[in-house]
Structure formats: C-alpha cells, structure tokens
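As given, the protein sequences belong to chains E and W, one line each in that order. Okay, so the first sequence: first residue is 737 according to the working numbering, each after it adds one. Okay, so the second sequence: first residue is 275 according to the working numbering, each after it adds one. Idealized CB from N, CA, C, for every residue including glycine. The model shown is predicted, which means the values in this text are computed figures rather than measured ones. Here the structure is laid out as structure tokens; the discussion comes afterwards.
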Amino acid sequence: MKKFNLKYIALFIAATAIVGCDEGFDETVTDAGFYSSGTADFSKYVTVGNSLTAGFADGALYLDAQKQSFPAIIAGQMALAGGGTFTQPLVNDNAGGLLLSGVQIAPNRFVLSTVTTAGTLRNSPGPAVYTGEAPTTDAAIKVSGPINNFGVPGAKSFHLNAPGYGLLNPYFGRFSSASNATVIGDAAAAGGTFFTLWIGNNDILAYATSGGVGVDRLGNTNPATYGQNDITDPNVFAASYAAQVQALTANGAQGALVNLPDVTSIPFFTTVPFNAIPMDGPTAAFVNNNYAQYNGAMALYQQGGAISASERAARTISFAAGQNAIVILDEDLTNLPNPGAPGTFLPKLRQATAQDLITFPTAGILGTLADPSNPASIIGVAVPLGDANVLTSNERALITAAQASFNATIAALASANNLAFVDARAALGLVANGGVAYNGGVLTSAYASGGGFSLDGVHPTPRGYAFTANVIIDAINAKYGSTLPKVDIGTYRSIMISDSVTN
Amino acid sequence: MNKIKLLGLLSLMSAMAYAGGYRVSTQSNKQLAMGHTGVAVVNSADILFFNPAGLVHLENKFNLSVGGFGVVSQVQYQNTEFGTFSETDSPAGTPIYLYASYALSDDLAVGLGIYTPYGSNVTWPTDWQGSHLVNEIELSAIFIQPTISYQLFDSVSIGGGPILAIGGVSFNRNVNRTLTDEQGDRSNIAIEDSGVTGIGWTAGLMFTPTDRFTFGVNYRSLINIDSKEGEATFTNFPNSNLSPFRDGTSGFTATLPLPAELTIGASYKWDKLLLAFDYNRAFWSEYESLDLVFENGVQSINPRNYKDANTYRFGAQYEATEKLTIRAGYYFDESPVQSGFFAPETPRGDSNNYTFGLSYQLNPKFALDASFLYLKFNEVNESYNGYLEGGVSAPFAGAYQSRAFVAGIGLTYSM
C-alpha cells in the first residue's frame, strides 16, 4: 500500500522536473548561428573616420551620443553574428565640450531650449549651449586600453595619415599611441578583422560651412599649404584614401567604404530659405526705390557691354509683396567702377536664388539691424549677407566637383579592393528629399523636428546615426552574404530638450 | 496600523497572470489538480469559490481548507527583424486561499472565503525594447466572500454572497521610446496604489437529480478597482518646458476591471471515479483601455480592447486507495487579447493547461492536498498597435513564448 502511494508521489515529482526543464523559443536570436556573418569575419571591428564615426552630435562629443555612434550600433548587431567587444574612447560626461589641461577649448553641446541664456522665455524653442554641467573631459588625459573606434572629429582625409596629428587635434591626442602616431597607423595596429572607413567629408564641408570663404586647392597637392576652410585637391584625397585602405586591408581584413553625402542633405544649408524676407507692398516699393540707382547702373553697364544680360538680370534688385530673395554679396560678380565715387567699385550685390545656400547661423542675424541706430539697415535687405553667410551657386559647383571626384575614388577603391561600398550620399539624399519612413514616423532632415540631424545642423542625431548604421549594414550584408539585422531607428532618440542653458 | 500591515502583507501575495488576462486560476489545490473544474464538484469547503450553492452539500458540519501555490512564470520576447531578445525575471507569485464552512442545519450552511483570483507580476529588464509599454507590473487582489447556501428543493440548492475585493497595483513604464533626461536616462513613470476596495457578488445554483450526476452554474459579478488615491512618480525627465512631466510625484486616477465570469458545469460520479466538465466565460470585453489620468491633466491612454474569452475545463478524480486520491485535468484557455493588442504586460496567446495532483488523508480529520499545473502558451507572433507617438502608431511587434508552472499545497480539515 505504501509503495503504491510512493509511486504516485514519485510520478508527481518526476513530471514536475520534466516540465521544469522546458525551453523557451526553439530558436533564439542570441543563439550562435541564428544570424550569419556570411563570408565576413566580424570578430574584431575597427572603424576609422571623422566626427561622424566618433558619434559627434549637437556641436560636441558627449557621452550619450557617443554611445549611440553608428559604429557602436553596428558593433551591437555584429555581436549577434560573431562580433566581439567594441570599445570607444568615451568622453567623461554629457556636457560635451573639451578641456586641455583644464582650459576649455571646445564648447558644450547644444540642447533645444525654450528659454534664453538669460532665462527668459523664447518665442519658439531653439538651440542653446547646455550649461547644466561643467565639462570634465580633459584631452591631456590619455584614454587607456585598446580601442576600436578611431573616429577623430575635425579630421580631413590627409590628416589620418599625418604623423603627429594628435598634437594638432586633441580629439586624437586623447588616444594616440604616441606623439608622432598617425590615426591610420594606430587603427591598422588595432588588427581588425573588419573595418569601416568614412573620411573626406571635412575636405569639402569645412569650405561649405564657412560659406565658401576658403580656397579650392584643385591642383595644389601640398596639404601643408591648405587652410582650414579649403577644399582638398582630389589627388591628395585619392592618395590619402588609397593609403588608408591599404593600411586597413594589409592584414587581410574585410570592410566597407562609405562615400560622402551632399551638402544639401544637411539642415545647416536647408533651414534658411533663399527667399526668407517677408515684405508688404509699400515696404517693397520703398526698398526698390532705394535700389533704383544700383539697378540703373546695372542697366547702363549691360548696355555698355561690361556685363551680360544675365548678370544684369541677376543683379537687379527687386522686392514685391510676399516672400523675397535675400540680398547677398557675391564675390564672383564682375567688378564695376562706382560712377559716383571714382576709384571705388560698386558692391557686388544680387538677390539669392534657389541655387544659393544660406548657412544655418545666418538665421540669427537675418532681418536684424546691422546698425541698431539705423532702422533701414536690415540685414538681407538693405545690408547684404556676406560671403561667410552664403554658399553661392559657384561655390557649390566647386564642392560638387570635388565631392564627385572623391566619391568616384571611394567607389573605385571599394571595387578594386573587393570591399563593400556604402552609398551614404544616396541614402541621406532620401532623408533630405521626402524622408524615410520608419516604425512610428518619418525621418527627415528638417532642423530639430525631422529627427535625423542634431542641433548643429551638420551631424546626425542618434536616430540619424542608427539610420546610417542600417544603410551600412545593408551594404555589408549585400557584399558578404551576412544576415546582420538592422536596428529599429524609432527606438533611438532625436534631439534633446533641456532648459539648463542659463549662464 | 494593523490594517496597514495587513494590506502590506496582502500586496505581497500577488500572483502571476498565467490565465487569460490577469485572472489566476488557483483557488483550490483539489480542483486545480482536476483542471480547475468545480462548479459541480462537492469535494471540500473549496466549493465556496466554485459554486456557493454546493456549500450545503458538504457532509461535515465544519470544514476548513487552506492552501497556497508557488507560481513561476517566464515570458520571452524576440524580434528577428532587429535581433532583439528579452525575457522576464518575474518574482514567484504566491496565490493563497482559505475557505471555512459551517452547517447550521441540513438545509442551511454558511461560510467565509478569502482568495486571490486576480494577479499579475511581470518584470521585464529595465529599459528593455518594450519598456515604453511596461517595465514592470504588479497587480494583486484579495477577495473576501461571506457565503450562505440553502437547499431549496431536494435536488436544487442555491447559494451566494457579497464579495469585498481589496486590490493593489504598481505599474512602471518609460514615458515613450526615446525621451531621456540630460544624462540619457530614460524618462519613467511609476504608479502605485494599494488597499483599493471594490464590491461585487456571486451566486450559484446546484442541481443534483441523481446521486451520480451534478449540474452547477455560478456567476461572479464585475468588480471595478477604482484607483483614486495612488501616487505617480516621475523620474529622469529633462529640465524642459517641453517635457510632459517634471521629476516628482503626482496623483492619478485609473480603473482596472476585474471582469464578471459565468461558469456552467457538470460532474458524474461512478464508483471511485469522478469526471467533471466546466465551461467558463469571462467577460473581458469590459477591459477596453487602461487610462491613467494624472493631476496635471495629462492622460495616458493604453487601449486593451480585450474580448470575452472562454475556457473549457476537464477533470477527473480517482480514489486510488482509502487514503490516496489522485486527480488530473486539462483545460484550454482562450486568450482575451485580440490581435494587434498584445501588450507585453500579458502577452498571452491561447494556452493548453495540464494539471494533476493528489490528496492524502493523514488522519480522519486532516488531508493533505497537492497540485501541479503546467501552462504552455502557443508561441505568438503579434504586435501591440495601440501605442502612438505624435499621433502615429508605432507598433511593438515580436514573438512571445510564455510558460508557467504552478505547484500548490493545501490542507483540509473536517469535523
């Protein structure tokens, strides 16, 4: 009898034990083999580039955005297909900004604020420098240990190959292996099995964001003579880039090369429209009257053959009720003597067209008075925007030419070295032209509200970086037959709101 | 003071939501072992819960039944498109019950039941992929049911009583998918309330045309838990006029329905064998939306859109020896959750439930009961589409795999 009872009790316990061992999903995404690395080896991912690779956003390198850099996002997905640890030279804090031996040398990041630095309410939210905490990252303090992310904010193509660049650029100085080290040398020494290289943006972007105040160095192959805002010569770019690819593939590593997006993809150039001047009829008539003499001079110069009909048309200033094109200075216009003041020249005025790009900081001065005591000195109407505020159509053409050459080099080197090629130009063009739908919204390049770009108007938000990561993942999968999953970009944040901006 | 202690204790006695919605079918070890049938099974004072009309049928003058369960459950989530995976680490639930009955005469019996028919305790990893829907939820409700049962005719008895429900809730989720404070920490809302009371009732009828055949019907009313005095805590919100909340606390109101339930069933006794069948219908369609209204007027609307759901229960009991009774059962539980509304707080598909257990008569007065339930939910590939961001639906989709084990032990005393 007792045995009989025990049998049932034993059965009860055994059944409990059996069902207790039941597993969950038949196949779990974290199981080895669920995602394939294809013919690639993701065990050590190394990435090289500029601020975009570093995770720079909102005008600064700060912790939260850095943790959501596109390489960090890609590394997270690679971890599902054999990827190893991925270490970045993280900064200390979310202030952004940078100290060098205790002295601040780079400003804190921007946040979207509803108040001014004086603490009063703004008419509408806008970017302001975050003052909620003091910066603590000192570039004089070396980052220790091995790193995978060799993104150096500010770096141009040739900088990566320049010995001692860490002495010039504290972002590299923080983690350079030696004072005479090169970025590419340190990256190659890291011994990655897989790499991404995205460099060259600053070779044109510095010129663009400066409003074209620099020089196009086409034909000048000595970068030592270049200024910060100059356009790099295509041969310098090509030689630098080829050397970088060679360094990174010397150990047989595979990788992806990323090309350069158009400047029109970034809100820095698309936020302020060329026709940003609203005006009523009487005001327009008043302004036109003030320009009558200049317009008359243009007509005479055309009749005299000094300028073409099209230049005369371009330089004829005319306002009407409604939105009006901004008056700008264009250095590429013909020098015309000023009949009223012999020995001087007429200002090279014209109204902007849709082909001219007005820089983002111009929003802060447009429509204000150049001379506070003179109510007629409205910037953009009576006072023209200067060279630094406008990327004129001619200046854009220089950029486009250089960019096309750089991108052709990148595509050719990808092909020649059998590497994945990432068409970031096309992908970011989609964001800028209509946007890209994701789960829960549409990613666009609209300033602050579009989700794609941070408050500096140039660098992506974490959501924009996540989109970039997906584009690169697509290219890697296509090239190497891997099945890396993409990320849900709706789960990455866009800009940050904060009113901690008062001085 | 004692009352507060009691409530504190009660709130600890929460249980996993392992039946449809957050209904927890663990009201008796004897009956759970046989598929949680019981509307037409007169075994013990446990009938007080299953069908108060059966109370008068108990043989002994005084019956006491106490018991409890350990509930271990796990939910896994994954999304193969994005390579995301999470699994719950929920604390074990411990539903309990106590039933006492006293026969005043052959025709009249009274009783008192205390039990925990609703509960949920789901803990996902903090800031997991679905944290904008739920990080952690803990629901608990303890029911106190005084009961009277009367033999109306030879073959018909009736019974019923009021129910006092005391509920508690704590719920924690991130405010949306991406808002953080300046340090990148996710902005979070946590609400908590306890000692919320609601009133309902239950009534049943039992028909025993022969010694062998029993038919029963029982209805339990809707009880709304109206939370009005709870506290919402906001953390990690940015210092911004654009932020929907600022860090701190506020009041909130919310209503959680504990839905009505109708059970019809029959049992047939044949020598040492008893077979039982119950059909339950839970009126879950009451649960349309979990709406939180905060003091500042901001509302959090969380559509649930549950549907009424059926459960089909089969149970058998066999008196193997004089001292040992063995039981087994099965039930099929329809999920009240509709397609497109699979929120990760109760991400349940339909479930197949296997039960077994035994009772051992320790002596003429005491019997020991044990039961075991294994719940296997069908793997579901579903989404929750009720979450909006800027007016745009951002479905949270993926596959869920849920399972639970329940083991219980109880003691029955009769004299």
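It is roughly 55 angstroms from the alpha-carbon of residue 470/W to the alpha-carbon of residue 787/E. Positions of the alpha helix (DSSP H) runs, each at least 4 residues long and wholly inside the region 932-981 of chain E, are given as 937-945 in order along the chain.
Fewer than three pairs of CB atoms, one per stretch, sit closer than 8 angstroms, so the region 947-960 of chain E makes no contact with the region 791-806 of chain E.
Proximity to residue 866/E across 830/E, 857/E and 874/E peaks at 830/E, based on C-alpha coordinates. Going by beta carbons, residue 325/W and residue 684/W fall outside the 8 angstroms limit.
Only exposed fits residue 689/W, as fewer than 16 other CB atoms lie within 10 angstroms of its CB. The continuous alpha helix (DSSP H) containing residue 787/E extends over residues 787-790. Bounds of the alpha helix (DSSP H) holding residue 1215/E are 1198-1216.
The DSSP-derived three-state label of residue 842/E is strand. For residue 807/E, no CB of chain W lies under 8 angstroms from its own CB, so it is not counted at the interface with that chain.
Rounded to the nearest whole angstrom, the CA to CA distance from residue 1224/E to residue 1202/E is 8 angstroms.
Residues of chain E whose Cβ lies closer than 8 angstroms to the Cβ of residue 516/W are, in chain order, 848, 850, 861 and 1233. Counting along the chain, no alpha helix (DSSP H) covers residue 508/W; the unbroken beta strand (DSSP E) around it starts and ends at 497-509. Residue 365/W is positioned such that its CB atom lies closer than 8 angstroms to that of residue 397/W.
Note that the C-beta distance between residue 1232/E and residue 847/E is below 8 angstroms. Judged by DSSP secondary structure, residue 1129/E falls within the alpha helix (DSSP H) whose first and last residues are 1129-1152. Annotated three-state conformation of residue 560/W is helix, per DSSP. With a cutoff of 8 angstroms on beta-carbon distance, residue 1125/E and residue 1060/E are scored as not near each other. The CB of residue 669/W comes closer than 9 angstroms to the CB of 1175 and 1176 in chain E, given here in chain order.
Residue 1146/E and residue 916/E have their C-alpha atoms roughly 27 angstroms apart. Contact between the region 991-999 of chain E and the region 930-939 of chain E is established, with three or more Cβ pairs separated by less than 8 angstroms. Counting only the Cα atoms, residue 592/W lies some 12 angstroms from residue 307/W.
Secondary structure of residue 1109/E (DSSP, three-state): coil.
Secondary structure note for residue 658/W: its beta strand (DSSP E) is the uninterrupted segment 654-658.
Pairwise C-beta distances place the region 623-636 of chain W in contact with the region 307-316 of chain W, as three or more of them are shorter than 8 angstroms. Contact annotation: in the region 337-358 of chain W, residues whose CB is within less than 8 angstroms of a CB in chain E are 348, 350, 352, 353, 354, 355, 356, 357 and 358. Taking 8 angstroms as the CB threshold, residue 673/W lines the interface with chain E. Counted as a single uninterrupted DSSP element, the stretch harbouring residue 875/E is not any alpha helix (DSSP H), since DSSP gives it neither H nor E. Between the alpha carbons of residue 892/E and residue 1194/E lies a distance of about 16 angstroms. In this structure, 971/E is the residue among 947/E, 971/E and 946/E with its C-alpha nearest to the C-alpha of residue 957/E. The C-beta of residue 888/E has 16 or more other C-beta atoms within 10 Å across all chains shown, which makes the residue buried. When Cβ-Cβ separations below 8 angstroms define contact, residue 512/W makes contact with chain E. For residue 1229/E, there is no enclosing beta strand (DSSP E), since its DSSP letter is neither H nor E. Here the region 452-465 of chain W does not lie against the region 416-428 of chain W, with fewer than 3 beta-carbon pairs under 8 angstroms apart.
The Cβ atoms of residue 490/W and residue 314/W lie closer than 8 angstroms to each other. In the three-state scheme derived from DSSP, where H, G and I count as helix and E and B as strand, residue 1045/E is classed as helix.
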